[in-house]
Every structure is written in C-alpha cells, then in structure tokens.
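Trainee: Shown below is the structure under consideration.
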Amino acid sequence: MEQTVEQKLKALYELQTIHTQIDKIRQVRGELPMEVSDLEDEVAGLETRIQKIKGELDELEDSIVTRKNMIKEALAATKKYETQLNDVKNNREYDAISKEIEIQGLEVQVSEKKIKEHGFEIANRTDGYQKALADLAELKKNLELKKAELDTITSETEKEEAVYLKKAEEAEKHTDERLLIAYNRLRNNAKNGLAVVTIQRDSCSGCFNQIPPQRQLDIRQRKKIIVCEHCGRILVDEGFALEENPVAE
Ligand SMILES: [Zn+2]
Numbered sequence: 002m003e004q005t006v007e008q009k010l011k012a013l014y015e016l017q018t019i020h021t022q023i024d025k026i027r028q029v030r031g032e033l034p035m036e037v038s039d040l041e042d043e044v045a046g047l048e049t050r051i052q053k054i055k056g057e058l059d060e061l062e063d064s065i066v067t068r069k070n071m072i073k074e075a076l077a078a079t080k081k082y083e084t085q086l087n088d089v090k091n092n093r094e095y096d097a098i099s100k101e102i103e104i105q106g107l108e109v110q111v112s113e114k115k116i117k118e119h120g121f122e123i124a125n126r127t128d129g130y131q132k133a134l135a136d137l138a139e140l141k142k143n144l145e146l147k148k149a150e151l152d153t154i155t156s157e158t159e160k161e162e163a164v165y166l167k168k169a170e171e172a173e174k175h176t177d178e179r180l181l182i183a184y185n186r187l188r189n190n191a192k193n194g195l196a197v198v199t200i201q202r203d204s205c206s207g208c209f210n211q212i213p214p215q216r217q218l219d220i221r222q223r224k225k226i227i228v229c230e231h232c233g234r235i236l237v238d239e240g241f242a243l244e245e246n247p248v249a250e
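Everything in the sequence shown is counted per the working numbering, starting at 2 for the first residue and increasing by one.
In structure tokens, the structure reads:
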C-alpha cells in the first residue's frame, strides 16, 4: 500500500522525535562522568596537600628531636667542663673553660627557643591538617554518592535508551525507503542531529533562516516533500507536533 506524502512526512517526523529523545538521553549520561571525574581530581589534589602538610609536620618533629639531643650533649659537655674547673692550674685555663661553659649554655638557650618555635608551628599547622583531613572525608563521601548516582542513572538511561531504540527500529519500518536514506544522511551531517524540522517563527528550526510565506503554505499543505533552501533539512508542518501519530500505535 502506497503511503500519501503526508503519511510519509509524519512517519519521518515520528522517527526524528524518537531519535531526538535518544540524543537527549545520551547527552545526560555523557555529562555525569565529568562531575565524577572533577570530584576525583579534587580528592587527589587534597590528598597531595595533606601529604605535604604531613611532611612538614614530620620535619618539625624531627627537628625538635635533634634540638633535644643537642641540649643533652651541651649539658653533658657543661658537666665535663665543670669537673675540669676543679683542677685548673692557672687563671688563663680557668677563663678558657669558663668561656666553653658559657658557650654550651648559649647552645642550650638557642635550642630551647627553637623547640618552642617548632612547637608553635606544629600547633598552627595541625589545625589546618585536621581541617584538610575532615574536608577529604567529606569529599570522599560525596564522591561515593555521585558514583552510586552515576551507576543508577547509567543503568536507568540504558534501559530507557533501549526502549527508544526499539521504537526507532519500528518507526523505520513505516518510513519510506528513499526518504530514510536522505534522512540518515542529513542526520549524520547535522551537528544537532536534526534532519526533519518544523517551522518556528516563520523560520527553519534547524538553521533559523526565514522561510518565504508561500513556501510555508506549501509545507502546511503536506502534499510535497520540501527541504530548507539554506540547510537542506526536510521541513514539516509544526502541526505534527500536536497530533497523535498513528505510526506510534
Ligand atoms: Zn534550514
């Protein structure tokens, strides 16, 4: 049974509507992995920062240990010099040893000052460190949620897509063979995947160029296959969008 031009156009429009739905589903699914990957980058960045703070804290702790050892050594040396003071033979020797004791005393003071400074520094950085750890835990929790969400949406949209693919397959059976070839070629070449478009505000809704009034009338007559003179897309009556399509039943 030969289809009328109107039936052919309607079938083609129906196929386009289904394909547009599939395009939308794929677009939604395509954006989600980016969100997850952004979060993963954030986690990695924070982990690097935490590692760095941890390294600085360790260095400060090490430096405190070193200073404590220096104090121990200085105190031991002081004790040794003090014993030597008991058997000095002259004033010159006494002065020399006293000078050494003084130097060791200064060593101890400097090291104690450094230990205090490092202690403050550790206290300061520990706050930032704890905060970064808490942020990281929060971020990881968000990442897990987003991943779970992605899995759910992926499987949901895959199911939805399968339904539309089945519908598209069905719709193709009702589409005129020669028109289908033209349709596929147009759809592959169009960035927005639109091969069949309606008139919108007196213009082609594929390329937005104006359609002369007489041409608009011809399109609405549904008696001829009419393509946009600017982009080559197949133009159909916008009334199709409001009609129940018998092809879909
Ligand atoms: Zn156009």
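Glycine included, each C-beta is placed from N, C-alpha and C at the ideal position.
Along the chain, where does the alpha helix (DSSP H) that runs through Gln1 open and close?
Mentor: Outside the shown range of the chain, which is 2 to 250, sits residue 1, and nothing can be said about it.
Trainee: What does the alpha-carbon distance come out to for the pair Ala169 and Thr158?
Mentor: In the sequence shown, residue 169 corresponds to position 168, counting from 1. In the sequence shown, residue 158 corresponds to position 157, counting from 1. Each residue's Cα considered, the two are about 16 Å apart.
Trainee: Using only the heavy atoms of ligand 1, determine whether one of them is closer than 6 Å to the beta carbon of Gly31.
Mentor: Taking the first residue of the sequence shown as 1, we reach residue 31 at position 30. Outside the cutoff, so no.
Trainee: DSSP three-state label for Gln201, please.
Mentor: The residue labelled residue 201 in the question sits at position 200 within the sequence shown. Gln201: strand per DSSP, three-state reduction.
Trainee: Is Leu1 helix, strand or coil by DSSP?
Mentor: Because the chain in this structure spans residues 2 to 250, residue 1 falls outside the shown range and cannot be described.
Trainee: Counting by C-beta, which residues lie closer than 7 Å to a heavy atom of ligand 1, in chain order?
Mentor: Chain-ordered list of matching residues: Val198, Cys205, Gly207, Cys208, Asn210, Cys229, His231, Cys232 and Arg234.
Trainee: For Thr176, does the count of other Cβ atoms within 10 angstroms reach 16, so buried, or fall short, so exposed?
Mentor: Your numbering for residue 176 matches position 175 in the sequence shown. Label assigned to Thr176: buried.
Trainee: Spatial neighbours of Leu13 within its chain, please: CB distance less than 7 Å, with the 5 preceding and 5 following residues excluded, ordered by chain position.
Mentor: Residue numbering aside, residue 13 sits at position 12 when the sequence shown is read from its first letter. Here the set comprises Thr176, Leu180, Tyr184, Val197 and Ile235.
Trainee: Could you compute how far the alpha carbon of Tyr95 sits from the alpha carbon of Val89?
Mentor: Taking the sequence shown and counting its residues from 1, one reaches residue 95 at position 94. Taking the sequence shown and counting its residues from 1, one reaches residue 89 at position 88. Tyr95 and Val89: Cα-Cα distance of roughly 6 Å.
Trainee: What is the residue span of the beta strand (DSSP E) that Ile182 lies within?
Mentor: Here residue 182 refers to the residue found at position 181 of the sequence shown. Looking at the DSSP string, Ile182 is not in any beta strand (DSSP E); the run it does join, the alpha helix (DSSP H), is Glu178 to Asn190.
Trainee: Find out if the Cβ-Cβ distance for the pair Ala1, Glu15 is shorter than 7 Å.
Mentor: Because the chain here runs from 2 to 250, residue 1 falls outside it and cannot be looked at.
Trainee: For Lys117 versus Arg68, is the C-beta spacing smaller than 7 Å?
Mentor: For the purposes of this step, residue 117 is identified with residue 116 of the sequence shown, where counting begins at 1. For the purposes of this step, residue 68 is identified with residue 67 of the sequence shown, where counting begins at 1. In this structure, Arg68 does not lie closer than 7 Å to Lys117 by Cβ.
Trainee: Can you name, in chain order, every residue of its own chain whose Cβ lies under 6 Å from the Cβ of Ala75, other than the five neighbours on each side?
Mentor: Numbered from its first residue, the sequence shown carries residue 75 at position 74. Cβ within range, chain order: Gln105, Glu108 and Val109.
Trainee: Does Ile182 pass the burial test, meaning 16 or more other C-beta atoms within 10 Å, or should it be called exposed?
Mentor: Within the sequence shown, the letter at position 181 stands for residue 182. By the 10 Å Cβ count, Ile182 comes out exposed.
Trainee: With DSSP as the reference, label Gln22 as helix, strand or coil.
Mentor: Here residue 22 refers to the residue found at position 21 when the sequence shown is read from its first residue. Correct three-state label for Gln22: helix.
Trainee: Expressed to the nearest angstrom, what Euclidean distance is found between the alpha-carbon atoms of Gly31 and Phe209?
Mentor: In the sequence shown, residue 31 corresponds to position 30, counting from 1. In the sequence shown, residue 209 corresponds to position 208, counting from 1. Roughly 27 Å separates the two Cα atoms.
Trainee: Evaluate Gly120 with the Cβ neighbour count: other Cβ atoms within 10 Å of its Cβ, from every protein chain shown; 16 or more gives buried, anything less gives exposed.
Mentor: Counted from its first residue, the sequence shown places residue 120 at position 119. Classification for Gly120: exposed.
Trainee: Helix or strand or just coil, what does DSSP make of Val66?
Mentor: Stepping through the sequence shown from its first residue, residue 66 is reached at position 65. The answer is helix: DSSP assigns Val66 an H, G or I state.
Trainee: Gln211 to Arg202, Cα distance in whole Å?
Mentor: Numbered from its first residue, the sequence shown carries residue 211 at position 210. Numbered from its first residue, the sequence shown carries residue 202 at position 201. The alpha-carbon atoms of Gln211 and Arg202 are separated by roughly 8 Å.
Trainee: Measuring only between beta-carbons, confirm whether Ala183 sits less than 7 Å from chain B.
Mentor: Of the protein chains in the structure, only one exists, and it is not chain B.
Trainee: Can you tell which of Leu61, Leu40, Asn91 and Gln8 has the C-alpha that lies nearest to the C-alpha of Asp136?
Mentor: Counting from one through the sequence shown, the residue named residue 136 turns up at place 135. With distances taken between Cα atoms, Asp136 lies closest to Leu40.
Trainee: With a 10 Å radius around its C-beta and 16 neighbouring C-beta atoms as the bar for buried, classify Asp42 as buried or exposed.
Mentor: One-based indexing of the sequence shown puts residue 42 at position 41. It is exposed - the Cβ of Asp42 has fewer than 16 other Cβ atoms within 10 Å.
Trainee: Do you know whose CA, among Leu58, His20 and Glu139, lies nearest Glu162's CA?
Mentor: Indexing the sequence shown from 1 puts residue 162 at position 161. Measuring from the Cα of Glu162, the nearest candidate turns out to be His20.
Trainee: Would you mind giving the Cβ-Cβ distance between Arg126 and Glu57, rounded to the nearest angstrom? I have them listed as a contact below 8 Å.
Mentor: Looking up residue 126 in the sequence shown gives position 125. Looking up residue 57 in the sequence shown gives position 56. Their Cβ separation, rounded to whole angstroms, is 6 Å, which keeps Arg126 and Glu57 in contact under 8 Å.
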